[in-house]
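Enquirer: Supplied in structure tokens, the structure appears directly below.
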Ligand SMILES: Cc1cc2nc3c(=O)[nH]c(=O)nc-3n(C[C@H](O)[C@H](O)[C@H](O)COP(=O)(O)OP(=O)(O)OC[C@H]3O[C@@H](n4cnc5c(N)ncnc54)[C@H](O)[C@@H]3O)c2cc1C
């Protein structure tokens with residue numbers, strides 16, 4: 291690890307949806323970051339722990355919160371996926387680099403924000419929402435579209451619904467692409483629900499996080515169909 295690295299201790303590991311782990315870590319002394327940033331974990335190979343490789347994970351907790359929260363979606367056979375599911379336990383010490391990335395809000399950002407996350411891509415959006423609503427008491431309009439396939443793939447629903455109940459400027463839209471018959475919420479791909487949520491294309495700022503394919507399709511919709519200024523459409527692709 292470089293000199294700009296930190297050791298963090300896992301304090302909680304829970305399976306919160308199929309193949310999705312929520313991980314809580316201690317926040318090291320002197321570690322500060324902006325909502326929306328990510329870090330590189332030094333991930334050991336399960337069969338040879340001395341062999342380390344970096345993997346990027348968005349910080350899901352707001353900078354003002356006490357601990358560091360992450361959510362990791364397992365990929366079959368992946369290095370980090372095997373390490374998380376087979377090796378990492380509460381009490382494990384993990385190497386982590388400094389915060390990186392520009393998926394952040396500028397202090398002067400005002401107006402209406404539409405956050406769109408698919409699967410674990412909701413992680414940095416949670417950080418933005420908790421920071422803006424709970425700590426900075428922003429009264430900007432905010433919508434979160436959380437897209438997954440099935441109802442069981444949703445997580446943190448109670449948390450987002452509670453935020454929406456307590457903050458009238460925030461609206462939560464869980465969206466299923468393969469909904470069961472009794473689902474009364476939003477249905478389809480995030481691109482099909484967005485046009486109904488973006489009221490003013492000139493001033494709305496969009497933050498997209500998830501698969502590169504979703505980001506490419508949604509950027510195209512925003513810029514080419516909805517005629518939003520390019521500078522107002524931000525994407526973080528989980529490659
Ligand atoms: C900025 C950023 C932030 C991110 N934040 C998050 C986050 O918050 N949460 C999250 O879940 N993910 C996040 N990701 C994705 C994350 O970094 C990893 O890519 C993801 O967890 C998979 O890592 P892995 O080590 O398990 O899989 P990898 O070992 O990287 O493999 C990925 C897939 O490819 C397959 N594969 C690997 N090598 C081969 C090969 N030689 N031939 C065929 N198949 C192969 C594996 O079996 C696996 O299915 C983020 C990515 C970026 C860029």
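In our numbering, the protein residues as written are 291 to 529.
Each residue gets a CB set at the ideal place from its N, CA and C atoms; glycine is no exception.
Predicted model, so just to flag it, every value in this text is computed and none were measured.
(1) When the Cα of residue 478 is compared with those of 466, 470, 484, 471, which residue comes out closest?
(2) Among 356, 352, 361, 357, which residue has its Cα nearest to the Cα of residue 345?
(3) Straight-line CA distance for residue 307 to residue 442?
(4) Counting Cβ pairs, one atom from each stretch, are 3 or more of them under 8 Å apart for the region 400 to 415 and the region 485 to 501?
(5) With DSSP collapsed to three states, give me the class of residue 455.
(6) Tell me whether the beta-carbon of residue 463 lies closer than 8 Å to the beta-carbon of residue 434.
(7) Going by C-alpha distance, which of 365, 499, 321 is nearest residue 355?
(8) Is the beta carbon of residue 482 within less than 7 Å of some heavy atom of ligand 3?
(9) Any heavy atom of ligand 1 closer than 7 Å to the CB of residue 366?
(10) Entirely within the region 374 to 400 and at least 3 residues each: give me those beta strand (DSSP E) ranges in chain order.
(11) Under a Cβ-count criterion, where at least 16 other Cβ atoms within 10 Å of its own Cβ denotes burial, should residue 508 be classed as buried or exposed?
(12) Residue 425 by DSSP, collapsed to three states: which one?
(13) Name the DSSP beta bridge partners of residue 322, please?
Expert: In terms of the structure at hand:
(1) As a position in the chain shown, residue 478 is number 188, starting the count at 1. Selected option, being the one with the closest Cα: 466.
(2) Translated into positions along the chain shown, residue 345 becomes position 55. Among 356, 352, 361, 357, the Cα nearest to that of residue 345 belongs to 361.
(3) The residue labelled residue 307 in the question sits at position 17 within the chain shown. The residue labelled residue 442 in the question sits at position 152 within the chain shown. Their backbone Cα atoms lie some 6 Å apart in a straight line.
(4) yes
(5) Translated into the one-based positions of the chain shown, residue 455 becomes position 165. Residue 455 falls in the helix class under three-state DSSP.
(6) As a working note, residue 463 is residue 173 in the chain shown. As a working note, residue 434 is residue 144 in the chain shown. Their beta carbons are under 8 Å apart, which means residue 463 touches residue 434 by this criterion.
(7) Walking along the chain shown from the start, residue 355 turns up at place 65. For the residues 365, 499, 321, the minimum Cα distance to residue 355 belongs to 321.
(8) Ligands displayed in this structure: ligand 1; ligand 3 is not among them.
(9) Residue numbering aside, residue 366 sits at position 76 when the chain shown is read from its first letter. Flag set: Cβ of residue 366 near ligand 1.
(10) 383 to 387
(11) Taking the first residue of the chain shown as 1, we reach residue 508 at position 218. Residue 508 should be labelled buried.
(12) If you number the chain shown from 1, residue 425 lands on position 135. Note: residue 425 maps to helix in three-state DSSP.
(13) Taking the chain shown and counting its residues from 1, the one referred to as residue 322 is at position 32. Answer is none; residue 322 lacks a bridge partner.
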